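Asks: Quick one: this structure, given as structure tokens, is what I'll be asking you about.
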Amino acid sequence: MSKSDVKLLITGAIALFLACFLGIITIALYAIKLGGKAMEYDWKGAWGQVTEQVQSLGD
Amino acid sequence: MNKTEYLKRLSDELGHMPYGDVKDIIQSIEEHFDEGLSEGRSEDEIAESLGDPKELAAEFKDGAKFNQIMKKRKKMADSFKGPDGRGRIFVIILNAVVGIWAWLILLAAIVAAFMFLAGDLGIAGLLVASLILGKITEFIVPCIFLILTLLCIAVFLIALLILGIKYYGRGLKAYIRWNKHVWNYGLGED
């Protein structure tokens, strides 16, 4: 294995490590943002609408 | 082929090796020619005994030393009693059951890595374009992290592909050479 191959291998390994590290941060950031959105969402209102629609279908 | 022609062809084949190594190899071959000439052999005979310069260069590239190569050649020439039927059956069965499939699977892995890289760069490009054009108004920070992650994956895949293609080629060449050897000389000790 030549020196340039070893350099390339090290570059690849660092890139893989960074990809894993940044990937975990990305997932965490999306989870936090989506979690915040879910907390703000009006679940009661939405369920009330669904219930009304189902009831109107029954009538 | 005379000495000068043989050395020229050999040095052409050794082109990618470090200069110092090529110099040592050429020197040892020149000494081999000189020894042969002093024993009364012709340049053509000596060149013929050394074999194809391409094959000799390939053995040097595999890391073999001149003495080792010559010992191996002598041993093979002494023990060679015609093509070995068992060796040929072995090559056919090995390739039909494992050899060809293993190389095809490795090739498929390289092609898959290429496709994965194209997809990765495509998604990263789309995200960058969307960010620049202002199409993404929410989740901007996670989106930037996603782009960075995709770029890191791309660098990893590029490194993997360069090394993969290089060693796939080398491995396949060595495998074909070994198959030829077993086909011609059988499975005897090397």
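Same order as they appear, the protein sequences are chains X and A. The first sequence begins at 1469 in the numbering used here and counts up by one. The second sequence begins at 24 in the numbering used here and counts up by one. Cβ coordinates follow ideal geometry from the N, Cα and C atoms, glycine included. This structure is a prediction, so every number in the text was calculated from the model and none was measured.
Could you list the residues in the region 1471-1492 of chain X with a C-beta less than 7 Å from some C-beta on chain A, going in chain order?
Replies: So the list reads 1473, 1476, 1477, 1479, 1480, 1483, 1484, 1486, 1487, 1490, 1491, given in the order they occur along the chain.
Asks: Whole angstroms are fine: how far does the CA of residue 32 of chain A sit from the CA of residue 80 of chain A?
Replies: Here residue 80 of chain A refers to the residue found at position 57 of the second sequence. Here residue 32 of chain A refers to the residue found at position 9 of the second sequence. So the two alpha carbons sit approximately 9 Å from each other.
Asks: Do residue 129 of chain A and residue 191 of chain A have their C-beta atoms within less than 8 Å of each other?
Replies: Locating residue 129 of chain A in the second sequence gives position 106, counting from the first residue. Locating residue 191 of chain A in the second sequence gives position 168, counting from the first residue. Cβ atoms of residue 129 of chain A and residue 191 of chain A: closer than 8 Å.
Asks: Would you check if there are 3 or more beta carbon pairs closer than 8 Å linking the region 1478-1488 of chain X to the region 167-182 of chain A?
Replies: With the cut-off at 8 Å, the region 1478-1488 of chain X and the region 167-182 of chain A touch.
Asks: Evaluate residue 115 of chain A with the Cβ neighbour count: other Cβ atoms within 10 Å of its Cβ, from every protein chain shown; 16 or more gives buried, anything less gives exposed.
Replies: In the second sequence, the residue the question calls residue 115 of chain A occupies position 92. So residue 115 of chain A ends up on the exposed side.
Asks: Does residue 149 of chain A come out as helix, strand or coil in the three-state DSSP assignment?
Replies: As a working mapping, residue 149 of chain A is identified with position 126 in the second sequence. The answer is helix: DSSP assigns residue 149 of chain A an H, G or I state.
Asks: Rounded to whole angstroms, what's the CA-CA distance from residue 155 of chain A to residue 142 of chain A? Just pull it up for me.
Replies: One-based indexing of the second sequence puts residue 155 of chain A at position 132. One-based indexing of the second sequence puts residue 142 of chain A at position 119. Roughly 20 Å between the two C-alpha positions.
Asks: Mind checking whether residue 150 of chain A and residue 1494 of chain X have CB atoms under 8 Å apart?
Replies: Against the second sequence, residue 150 of chain A aligns to sequence position 127. Against the first sequence, residue 1494 of chain X aligns to sequence position 26. For residue 150 of chain A and residue 1494 of chain X, no; Cβs fall outside 8 Å.
Asks: Where are the alpha helix (DSSP H) runs, 4 residues long or more, that stay fully inside the region 50-112 of chain A, in chain order?
Replies: Those alpha helix (DSSP H) runs which fall completely within the region 50-112 of chain A and span 4+ residues are 66-73, 76-84, 89-102.
Asks: Where does residue 1489 of chain X land, buried or exposed, given buried means 16+ other C-beta within 10 angstroms?
Replies: Position 21 of the first sequence, counted from the start, is the residue given in the question as residue 1489 of chain X. Result: exposed.
Asks: Indicate whether at least one CB of chain A lies closer than 8 Å to the CB of residue 1497 of chain X.
Replies: On the first sequence, position 29 is the one that residue 1497 of chain X refers to. Chain A, which has a Cβ nearer than 8 Å to the Cβ of residue 1497 of chain X, makes this yes.
Asks: So, using beta-carbon positions, are residue 184 of chain A and residue 137 of chain A closer together than 8 Å?
Replies: Looking up residue 184 of chain A in the second sequence gives position 161. Looking up residue 137 of chain A in the second sequence gives position 114. Yes, the Cβ-Cβ distance between residue 184 of chain A and residue 137 of chain A is below 8 Å.
Asks: Looking only at its own chain, which residues have a Cβ that is under 8 Å from the Cβ of residue 173 of chain A, when we skip the five neighbours before and after it?
Replies: The residue given as residue 173 of chain A occupies position 150 in the second sequence. Correct list, in chain order: 143, 144, 146, 147, 150.
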